[in-house]
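Undergrad: One structure, pasted below without further comment.
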Amino acid sequence: MGPNVTNSDTAGADFAAYTPLYEEHDYTIDDYDGALPEGLEGTLYRNGAGKLDAGGQALGHLFDGDGMLSLFSIADGSVHYRNRYVRTKHYRKSLTSKGAPYRALGTMRPGGLLANALRFPANVANTSVVMQAGKLLALWEGGPPTELNPDTLDTIGIHNFDGGLKWLGAFSAHPKWDPDTVEMFNFGLAMVPFPKLICYRVDRAGKLHRLGEVKLPFAMFNHDMGLTSKHIVFAIPPLVFPTSKLMGAGFGLCNFIDAIEYDASRGTMIALVPRDGGKPRVLHTDPLLHLHLANTYEDGTDTIVELVNYDSTWEELNGQLSSLSTDRASDIGSYGGTLLRLRITKSDKVIHEPITDVRGEFPSFNILRTSRPNRYTYLSASAAGTSYPTALAKIDNTTGAVVTHQFPYGHQPHEAVFAARPGATDEDDGWLLVATQDGVNNRAALAIFDARHIDAGPVYTGRLRHHLPLTFHGCFTPRVARPNR
Numbered sequence: 000m001g002p003n004v005t006n007s008d009t010a011g012a013d014f015a016a017y018t019p020l021y022e023e024h025d026y027t028i029d030d031y032d033g034a035l036p037e038g039l040e041g042t043l044y045r046n047g048a049g050k051l052d053a054g055g056q057a058l059g060h061l062f063d064g065d066g067m068l069s070l071f072s073i074a075d076g077s078v079h080y081r082n083r084y085v086r087t088k089h090y091r092k093s094l095t096s097k098g099a100p101y102r103a104l105g106t107m108r109p110g111g112l113l114a115n116a117l118r119f120p121a122n123v124a125n126t127s128v129v130m131q132a133g134k135l136l137a138l139w140e141g142g143p144p145t146e147l148n149p150d151t152l153d154t155i156g157i158h159n160f161d162g163g164l165k166w167l168g169a170f171s172a173h174p175k176w177d178p179d180t181v182e183m184f185n186f187g188l189a190m191v192p193f194p195k196l197i198c199y200r201v202d203r204a205g206k207l208h209r210l211g212e213v214k215l216p217f218a219m220f221n222h223d224m225g226l227t228s229k230h231i232v233f234a235i236p237p238l239v240f241p242t243s244k245l246m247g248a249g250f251g252l253c254n255f256i257d258a259i260e261y262d263a264s265r266g267t268m269i270a271l272v273p274r275d276g277g278k279p280r281v282l283h284t285d286p287l288l289h290l291h292l293a294n295t296y297e298d299g300t301d302t303i304v305e306l307v308n309y310d311s312t313w314e315e316l317n318g319q320l321s322s323l324s325t326d327r328a329s330d331i332g333s334y335g336g337t338l339l340r341l342r343i344t345k346s347d348k349v350i351h352e353p354i355t356d357v358r359g360e361f362p363s364f365n366i367l368r369t370s371r372p373n374r375y376t377y378l379s380a381s382a383a384g385t386s387y388p389t390a391l392a393k394i395d396n397t398t399g400a401v402v403t404h405q406f407p408y409g410h411q412p413h414e415a416v417f418a419a420r421p422g423a424t425d426e427d428d429g430w431l432l433v434a435t436q437d438g439v440n441n442r443a444a445l446a447i448f449d450a451r452h453i454d455a456g457p458v459y460t461g462r463l464r465h466h467l468p469l470t471f472h473g474c475f476t477p478r479v480a481r482p483n484r
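The C-terminal residue of the sequence shown carries number 484 in numbering that gives the first Met the number 0, and the numbering is unbroken.
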């Protein structure tokens, strides 16, 4: 952001990421700069809230929008784009309902108490998308995955792993993979009969195995997890549901997001769950505020957890997720947090080691380094004072050095996804695939960077024919989607 550009000047560019895209598209990108890298072939999938209204009612939180998947199929020297909404019950009913058809995490449906009491939030399948055992799954942390056709993005239906997910079937949107076994590890947050985190392993054949669980001392909100060679790792911030507020939300007096409070006196709870499902090791450290972990791994007798820590309040962070009007840029503060390393010693001491002061979110890295030391983390970063990301940052976790690419004014990068070069041995030998939104011209693009030299700018930029609302998370697979076969 230039010296004469103020926060209020960025409001239009910021809000562009929240403008709905109702249309579904299918075409080969024909407006591009540069060239696709030799050796890059596969499919980038992205998931996010495609629209922030339901039945004509404006939704109250970014987490509530209907999931819309995009695929960028890269093959034969071109990129094919396709997007489709996930045909959840919420999406289908919202097409004809007057107002939101179901209550959501941060939105109440019309009709007052009777319409909301004792009703769980709708599964909108909007948070992430993963590929496991040949199945493409849209994830939303309060319920089971939704399976889609990996070529067409047509919705197949709820996927509960042949009944392995019980009742509500919560299955987090942040699973992690063992790069050697190709097993997927995840968890689900359960509130009844008592609050707990249930840990799962999905083998390479797609079968779900229930592992250990972490009993929570009270109802808490946890969004992410980590994986090491020995443990499933949780760093749970003190985002709690006071009993009175949780009951109020259950009986329709308020929404579930408004029932969350940040209670610093509780500290941050760390749980290390053995991967074989044994008893968890639980300890506490100073209160942190975070949503996303980067990598986690074992370092000798220490366990390392890297995360994006906020210095803002929960009210400010939640404001960024719920202020969806055009004046949001002037009143919600700066975007993102800073990368922090927690070193957990065998004597249960937790040492806080700041890595960088660059502000950002959506940390990513070469997933082939999951559960082992990695040198580089990538962030969607912000210029000073902006309430949205403006740059791509590459953090050297060893030295703290930072390399950035600053996007043109009004351009927002989404989460960067790393795709390794076939046969590569160096950690950063590959590409970063970044969806971007040009809020000035209201067009989105796919930017591809050589991960070794992001400061050189994208080697390929393929512009879509339309805008693309903010996507949360996604994945890259070497499998090439063929939407029209």
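For each residue, glycine too, the CB sits at the ideal point set by N, CA and C.
#1: Straight-line CA distance for residue 5 to residue 410?
#2: Rounded to whole angstroms, what is the Cα-Cα separation between residue 16 and residue 363?
#3: Whole-angstrom Cβ separation of residue 71 and residue 27, contact assumed at under 8 Å?
#4: Output needed for residue 248: all residues of its chain with C-beta closer than 6 Å, excluding positions within five of it in sequence on either side, in chain order.
#5: Quick check on residue 360: buried or exposed, where buried means 16 or more other Cβ atoms within 10 Å of its Cβ?
#6: Below 8 Å on the Cβ atoms is my contact criterion, and I expect residue 45 with residue 69 to pass it. Report the Cβ-Cβ distance as a whole number of Å.
#7: Pairing CB atoms from the segment 381–397 with CB atoms from the segment 339–355, are three or more of them under 8 Å?
#8: Along the chain, where does the alpha helix (DSSP H) that runs through residue 313 open and close?
#9: Relative to the C-alpha of residue 385, which residue among 436, 427, 333 is closest?
#10: Taking one C-beta from the segment 183–195 and one from the segment 147–163 each time, how about it: are there three or more such pairs within less than 8 Å?
#11: Where residue 19 and residue 282 are concerned, what is the direct C-alpha to C-alpha distance, given to the nearest angstrom?
#12: Quick check: what's the CA-CA separation for residue 329 versus residue 229?
#13: Who does residue 414 pair with in a DSSP beta bridge?
#14: With residue 90 as the anchor, note down where its alpha helix (DSSP H) starts and where it stops.
#15: What are the residues that DSSP puts in a beta bridge with residue 230?
#16: Mind checking which residues open and close the beta strand (DSSP E) that includes residue 72?
#17: Helix, strand or coil for residue 80 per DSSP?
#18: Just list the beta strand (DSSP E) runs in the segment 325–400, keeping only unbroken ones of 3 residues or longer that don't cross its boundaries, in chain order.
#19: Residue 201 to residue 378, Cα distance in whole Å?
#20: Work out the CA separation of residue 24 and residue 93 for me, nearest whole Å.
TA: So, from the data block:
#1: Here residue 5 corresponds to residue number 6 of the sequence shown, with the count starting at 1. Here residue 410 corresponds to residue number 411 of the sequence shown, with the count starting at 1. Residue confidence for residue 5 is low, a pLDDT of 33 falling below 50, so the modelled location carries little weight; the figure read from the coordinates is stated next. So the alpha carbons of these two residues sit roughly 16 Å apart.
#2: Here residue 16 corresponds to residue number 17 of the sequence shown, with the count starting at 1. Here residue 363 corresponds to residue number 364 of the sequence shown, with the count starting at 1. Cα to Cα, the separation comes out at about 20 Å.
#3: The residue labelled residue 71 in the question sits at position 72 within the sequence shown. The residue labelled residue 27 in the question sits at position 28 within the sequence shown. That belief does not hold up - the Cβ atoms of residue 71 and residue 27 are roughly 11 Å apart, past 8 Å.
#4: Locating residue 248 in the sequence shown gives position 249, where the first residue counts as 1. So the list reads 255, 258, once near-sequence residues are dropped.
#5: Reading the sequence shown from its first residue, position 361 is the one you call residue 360. A buried status is given to residue 360, since no fewer than 16 other beta-carbon atoms sit within 10 Å of its beta-carbon.
#6: The count along the sequence shown starts at 1 and reaches residue 45 at position 46. The count along the sequence shown starts at 1 and reaches residue 69 at position 70. Rounded, the Cβ-Cβ distance is 5 Å, consistent with contact.
#7: Yes: the two stretches touch, three or more of their Cβ pairs being nearer than 8 Å.
#8: Locating residue 313 in the sequence shown gives position 314, counting from the first residue. First-last of the alpha helix (DSSP H) with residue 313: 313–321.
#9: Here residue 385 corresponds to residue number 386 of the sequence shown, with the count starting at 1. For residue 385, the nearest C-alpha among the options comes from 333.
#10: no
#11: By one-based count along the sequence shown, residue 19 stands at place 20. By one-based count along the sequence shown, residue 282 stands at place 283. Approximately 43 Å between the Cα atoms of the pair.
#12: Locating residue 329 in the sequence shown gives position 330, counting from the first residue. Locating residue 229 in the sequence shown gives position 230, counting from the first residue. Since pLDDT at residue 329 reaches only 47, below the 50 mark, its modelled position is unreliable, and the value read off the structure follows with that caveat. About 45 Å.
#13: Taking the sequence shown and counting its residues from 1, the one referred to as residue 414 is at position 415. Answer by DSSP bridge pairing: none, since residue 414 is not bridged.
#14: Position 91 of the sequence shown, counting from 1, holds the residue named residue 90. Its alpha helix (DSSP H) spans residues 88–93.
#15: Counting from one through the sequence shown, the residue named residue 230 turns up at place 231. DSSP lists 273 as partners of residue 230.
#16: For the purposes of this step, residue 72 is taken as the residue at position 73 of the sequence shown. Its beta strand (DSSP E) spans residues 65–74.
#17: As a first step, residue 80 is located in the sequence shown; it is residue number 81 there, counting from the start. Note: residue 80 maps to strand in three-state DSSP.
#18: 337–343, 349–353, 359–363, 375–380, 390–395
#19: In the sequence shown, counting from the first residue as 1, residue 201 sits at position 202. In the sequence shown, counting from the first residue as 1, residue 378 sits at position 379. Distance between the alpha carbons of residue 201 and residue 378 is about 28 Å.
#20: In the sequence shown, counting from the first residue as 1, residue 93 sits at position 94. In the sequence shown, counting from the first residue as 1, residue 24 sits at position 25. Going by the C-alpha atoms only, they are around 20 Å apart.
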